[in-house]
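There are 2 protein chains.
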Amino acid sequence: MRPGEVRREVVRGHHPGEQYIRIVRPFARDFRRVDRGLLVAREAVLEPKGRIGKVWRAIRRVLIGPPIPSAHEIHERLTKVKALAIFASDNISSSAYATEEIMRVLVLAGIGALALTLPITLAIIVVLAIVVTSYQQTIRAYPRGGGSYIVASDNLGPLPGLIAGAALLTDYVLTVSVSISAGVAALTSLFPALFAQRVALAVAFVVLLCLGNLRGIRESGTIFAAPTYVYLAAIFGLLGYGLLLFATGNLPSYEAPTEWREAHGVEALGLLLLLRAFASGAVALTGVEAVSDGVPAFKPPEARNAQIVLILMGTFFGAIFLGMSFLAGQLGILPDPSEQETVVSQLTRTLVGVGTPYHYLVQFSTALLLVLAANTAFADFPRLASFLARDHYLPRQFLFRGERLAFGVGIVVLAAVAATLIVSFQGSVTNLIPLYTVGVFVAFTLSQSGMVWRWWRLRHEEQSWRRRAFPNTVGAIATGIVAVVVGIAKFALGAWMVLVLIPLFVLVMLGIHRHYSTLSRELAVQPGETVLPDNLPPAVVVPLSRMDRAAVAALSFARSISSDVTAVHISDTREDAEAFRRLWEEFNLPVPLVIVDSPYRALVEPLLAYIDAVDQLDPQRPVAVVLSEFVPRHWWEYLLHNQSALRLKLKLFFRPNTIVVDVPYYLGHGFRVK
Amino acid sequence: MRPGEVRREVVRGHHPGEQYIRIVRPFARDFRRVDRGLLVAREAVLEPKGRIGKVWRAIRRVLIGPPIPSAHEIHERLTKVKALAIFASDNISSSAYATEEIMRVLVLAGIGALALTLPITLAIIVVLAIVVTSYQQTIRAYPRGGGSYIVASDNLGPLPGLIAGAALLTDYVLTVSVSISAGVAALTSLFPALFAQRVALAVAFVVLLCLGNLRGIRESGTIFAAPTYVYLAAIFGLLGYGLLLFATGNLPSYEAPTEWREAHGVEALGLLLLLRAFASGAVALTGVEAVSDGVPAFKPPEARNAQIVLILMGTFFGAIFLGMSFLAGQLGILPDPSEQETVVSQLTRTLVGVGTPYHYLVQFSTALLLVLAANTAFADFPRLASFLARDHYLPRQFLFRGERLAFGVGIVVLAAVAATLIVSFQGSVTNLIPLYTVGVFVAFTLSQSGMVWRWWRLRHEEQSWRRRAFPNTVGAIATGIVAVVVGIAKFALGAWMVLVLIPLFVLVMLGIHRHYSTLSRELAVQPGETVLPDNLPPAVVVPLSRMDRAAVAALSFARSISSDVTAVHISDTREDAEAFRRLWEEFNLPVPLVIVDSPYRALVEPLLAYIDAVDQLDPQRPVAVVLSEFVPRHWWEYLLHNQSALRLKLKLFFRPNTIVVDVPYYLGHGFRVK
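Next up, the structure:
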């Protein structure tokens, strides 16, 4: 019975009297024996046996590839060049829509209000500078990775941590929805015919990213570094060319989208509109968190390199954002009300001509970068969810890494929610934006406040704590104000959903945590306190509806585990009771039979009452119910049988002190008794 | 451990040293002991313990009443007066729409074609007379009840029996849909405002009938006899009055429905239209079967009384049908194209005035009789389904009689299908009629052919076989012709659905029969051939993911049923394997541990492979897998746990030779070990 053991079989040879002994090693096929009591499963155990299982496995192999053993996991460190490309893609890609979203709000007050695009851009860049400076401290303090969830729970306690966590998870979902929608918009700017299919196209991208991530795309592949640099080169080239034209006074004239010409300003240019424009542009700060989250992935000196990358990121992004807003203003570009053509595309085609190779280059590299930005959320969301699951705030399933080492549950949940959002909002970036940003700034505020509190705690150990706390304080105040501004300005447009969802989400996570804590407290057992008790064999009850082979198999097994076995038959009528008694006596089995007459024709309830009574007769001993279950050849054949066994099992499962034993009987196979 | 046994408990008294012996009789509360090994469950066992169970039970009591014990079943015999009311209601109620349905077809060829209503009515009455005569023989030959299913299977073999059974089941469903829709039409004729709600109203009637029948309405109650006689009196009074007016030349003038005046004949008056009109009117023959089906319910002499009732039924119905068609023709009544007002209502209001008490009387008694007719299908369908289930052609569930002695599954299935039909056809009698009638005539033909064959078989015993076979031969030929006519005439309008459904239904029933036969053949066991083998205790495998109280409970139970117990832990990583091994050694339990390292992080598959290997090591012994299952306090807490145990159980269930043992561990309760 122990692994490594062999079974000897006597085999008769061809000649009379000839005999061989065949040695069977049942464990050899599926396991490698490493040590006494330690086997290693081979890949062969994963091979399904059934036909459906094989087909499903073949499909999975094509979609996500063959399984990867844990030992093959790669821990690659990133150079600054690669790290910038990977971590900054989310942030830098926001430049593809940040200017446009500011303009879309301002234009509501008429074309003249668009002059305010540049000042608002500058205000946002100031906030960005504050955040980047503030995060320099976070990176230094948390070289093992300092996402908002970790920093906030570490310094402010679990509740702020959970709020930050919930805000970030919401945000990662929106990163996917917004980036993919914006990527699709970059493509439909080139090919207006695709516009009608933009929702389907966006969902298809989400599914592709989901499959790619289940397959376990290596974040660090060079292939993911390329789009960022191509985009940077293309955009800086474009902006440089534009500025040159501007400096030389040769800016070409701009042709507005057709639909625009009849549109008018409909709202007054009040404070709320200004705040809304600012809130829309503040989307530019999403993705800053990524760098401080991923510090351990940098080559040493990790913190230093991460700080440099963060500054580079901020600088590049700021330059693009500023240049874009400036040139859009100078050219007098108007956002397309139908969302068919992006502002970037209008800018490009005005400067270099519609349909020119450069126009294609900018649009394609923008689309690619945006998809890449969504891809980073596919890395961030499952990782944060696994942190929360590790701390027992999310279901354990988020911790499980599938055949390809990816956090499968997190990836699928992210893809499903993001796709649902895209469909609900018809793939419109402008409609999705109000939901975005609130979460980011809530997380920023909590993270920065945590840092402030940290410096205060360490004030006796850290000499320069005042100097260090300063940028974090400024950061916390600035991001806090922006969070409030965004929340108010975008409240009615959709931010309320996020502001309702985050507390709800936090409540659910607290409930989950309480469940897991109770569980582990109640189940905990220490080595010293337990000696396995020498239990009496259980009192065994075998419910029988008929006398057939399945019944004999159940009785036979019951007798093999206990000497105290009682067969119970529930009868509808007294005639049935007498007939069953006569049949039972003919069989002459060494097991007593109790017949329970059920005048109300109920089956399950009298049986449960009987088991209750048996249990009370001797409360010290468990009761085992042995069910003879017939297993049909086809699943649909189940429908032809009374579902009583299933109902009985369900009821018994919720009855303390009762053990349920299933003895299956296979049609065409039987149960090997003796 | 045996019922009737008592447990003695020592109880300490109030004074020091004082002791009582308390005798506990656990079986006394729920069971009455009749004999050695025979208990009778009390009603108390049906009392649910949980809160949801109690609420559900209270709702059920209100809706369908308290449970009835089998012994209280009433077997009442019917007088001819009651029998006529109950069995004839289906047939006689057809007179409420038969004339109208003929007219609706004829009018397609113009108002002039309506003159053919009377000749077609006469033709149908001839068929009715043939069928009634023919069924006189059936009643004599099958005094224990001769429905088409029984007569056809008895004489022609199982396949024709099944065809008749499938045809009749289809027909009972349509009886409910058509009768209820027609009943609602009788009401909307009085209250046109209800017309918009006719579908909801009809579905509500179906639900009421379903609940009433689940409650176990006594078919024989006097309350069900009244509507038939009220209807007969009201209609005969109306027709008599109408004929009197006609004889005296005082027929009032008729005002056609408003919409009608612009309508024109659109089809040519060809043979097919005539056949369609005939087929529509042939609906009048539904319900003739009921009498011969219910012979055992009559007072003795059963057959004689049933024959008389059948003749009375035919006479009454024929008279009404004829009178109705005649007067409708004389008054020049036109069917309302919007189906808002029935022909009967138009006839009544023309003769006695709209909104007069007599108009109300006719309409209400018609509606009531039609609902009563639907109610007979609620008795017939479940009974026929239970016959088919008894012969293993339908799932066993159709045989089970619920708490109120009703065939609950049959009743609910009938109500669900009938309601679906009403909704799909928008509660329109005219749209439902083409599906009807085909089934009835197929069943008639098979039943009568069966009778012919029966006389041929008995020709040597029965002197007068030729004389007896004659009416059946005429009946078989006539109903066979009508079946073909109806099938062809109504094919495109919906009869094709029935003609496709019946063979499909027969195929399914044959499949079910084959399944049950295989099952009982393979499971059969004879008293002589079995001695319970003295099995070795099973090889027990206990999969453990953690060391907690649930694990200890499982190990403890495993040791109580076998001395051959192995604990198995599946580990993700080699570190986990080593940590678990160290912990295990600290616990120092007398059970060997095998750790299976799973490099691909799969849990279920390596465990299954391990169980396979253990099984192959000693194929003579069964393997028992003891699962420690933790039972949470709330159902939603299940979502927070890996579904691995469930997946494992499912896989094990389909693995021969493996027994699954569930050892539940209750949070807040524990598992009583020792």
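Line by line, the protein sequences give chains A and B.
Residue -16 is where the first sequence starts when you use the working numbering, and the numbers rise one by one after that.
Residue -16 is where the second sequence starts when you use the working numbering, and the numbers rise one by one after that.
Virtual Cβ for every residue (Gly too), placed ideally from N, Cα, C.
Note that the structure is a prediction, hence the values are computed from the model and not measured.
Inter-residue distance for I544 (chain A) and F370 (chain A) is about 45 Å (C-alpha atoms, whole angstroms). D73 (chain B) places its beta carbon 8 Å or farther from that of A398 (chain B).
Nearest neighbour of H342 (chain A) by Cα position, chosen from A:V327, A:L353, A:K37 and A:A356, turns out to be A:V327. Contact of R532 (chain A) with chain B is assigned, a C-beta pair being separated by under 8 Å. Of all residues in the segment 565 to 585 of chain A, the ones placed with a Cβ closer than 8 Å to any Cβ belonging to chain B are L566, E569, F570, N571, L572, P573, V574, P575, L576, V577, I578, V579, D580, S581, P582, Y583, R584 and A585, in chain order.
Less than 8 Å divides the Cβ of Q409 (chain A) from the Cβ of V182 (chain A).
In the assembly as shown, E83 (chain A) is a buried residue. Its beta-carbon has 16 or more other beta-carbons within 10 Å. Under the Cβ criterion of 8 Å, E26 (chain B) is counted among the residues facing chain A. DSSP places S554 (chain A) inside the beta strand (DSSP E), whose first and last residues are V548 to S554.
The continuous beta strand (DSSP E) containing A24 (chain B) extends over residues L21 to A24. Against R384 (chain B), the close residues of chain A are R584, in the order they occur along the chain (beta-carbon pairs closer than 7 Å).
Fully enclosed beta strand (DSSP E) runs of no fewer than 3 residues occupy 576 to 580 of the segment 552 to 612 of chain B, in order along the chain. With contact defined as three or more Cβ pairs closer than 8 Å, the segment 436 to 446 of chain B and the segment 391 to 406 of chain B are not in contact.
Here the C-alpha atom of V271 (chain A) lies approximately 59 Å from the C-alpha atom of V646 (chain A). For Q431 (chain B), the enclosing alpha helix (DSSP H) covers residues V421 to R440.
By the criterion of at least three beta-carbon pairs nearer than 8 Å, the segment 22 to 30 of chain B is not in contact with the segment 356 to 373 of chain B.
For the pair E386 (chain A) and L377 (chain A), the Cα-to-Cα distance works out to about 21 Å. Among the residues of chain B, those whose CB is under 8 Å from the CB of G20 (chain A) are R564, P575, L576, V577 and I578, following chain order. When beta bridges are read from the DSSP output, R15 (chain A) appears opposite A:V23. Taking 7 Å as the cut-off between beta carbons, none of the residues of the segment 279 to 300 of chain B comes near chain A.
In this chain, V354 (chain B) is not harboured by any beta strand (DSSP E); it is covered by the alpha helix (DSSP H) spanning P340 to R373.
Ranked by how close their Cα comes to the Cα of M86 (chain A), the residues A:P279, A:Y648, A:S263 and A:E612 have A:S263 in first place.
Close CB contacts of L173 (chain A) within its chain, under the 6 Å cut and outside five residues either way in sequence, are with Q346 (chain order).
For the segment 46 to 70 of chain A, the set of positions with a beta-carbon nearer than 8 Å to some beta-carbon of chain B reads P50, I51, P52, S53 and A54 in chain order. Contact of D13 (chain B) with chain A by beta-carbon distance below 7 Å involves A592 and A596.
Its Cα nearest to that of G95 (chain A), the residue A:I316 stands out among A:K37, A:V64, A:I316 and A:V114. The criterion of a C-beta distance shorter than 8 Å is not satisfied by V614 (chain B) and T641 (chain B). In this structure, the straight-line span from the alpha carbon of W448 (chain B) to that of Y125 (chain B) is close to 16 Å. Distance from V525 (chain A) to V551 (chain A) at the Cβ level is roughly 7 Å; contact confirmed, criterion being Cβ atoms closer than 8 Å. Per the C-alpha coordinates, the member of B:L191, B:V189, B:V190 and B:S164 positioned closest to F178 (chain B) is B:S164. Burial check for A216 (chain A): the Cβ neighbour count within 10 Å stays below 16, so the residue is exposed. Closest by C-alpha distance to L61 (chain B), out of B:P284, B:A541, B:V266 and B:V465, is B:P284. Shown here for L635 (chain A): same chain residues with a beta carbon closer than 8 Å to its own, the five before and five after excluded, namely L591, I594, V608, T641 and V643 in chain order. Following the DSSP letters along the chain, one finds R5 (chain B) in no alpha helix (DSSP H) but inside the beta strand (DSSP E) bounded by residues Q2 to V7. Under a 10 Å Cβ-count criterion, Y649 (chain B) is classified as buried, with 16 or more other Cβ atoms of the shown protein chains found around its own Cβ. Secondary structure at Y214 (chain B): helix, using DSSP grouped into helix, strand and coil.
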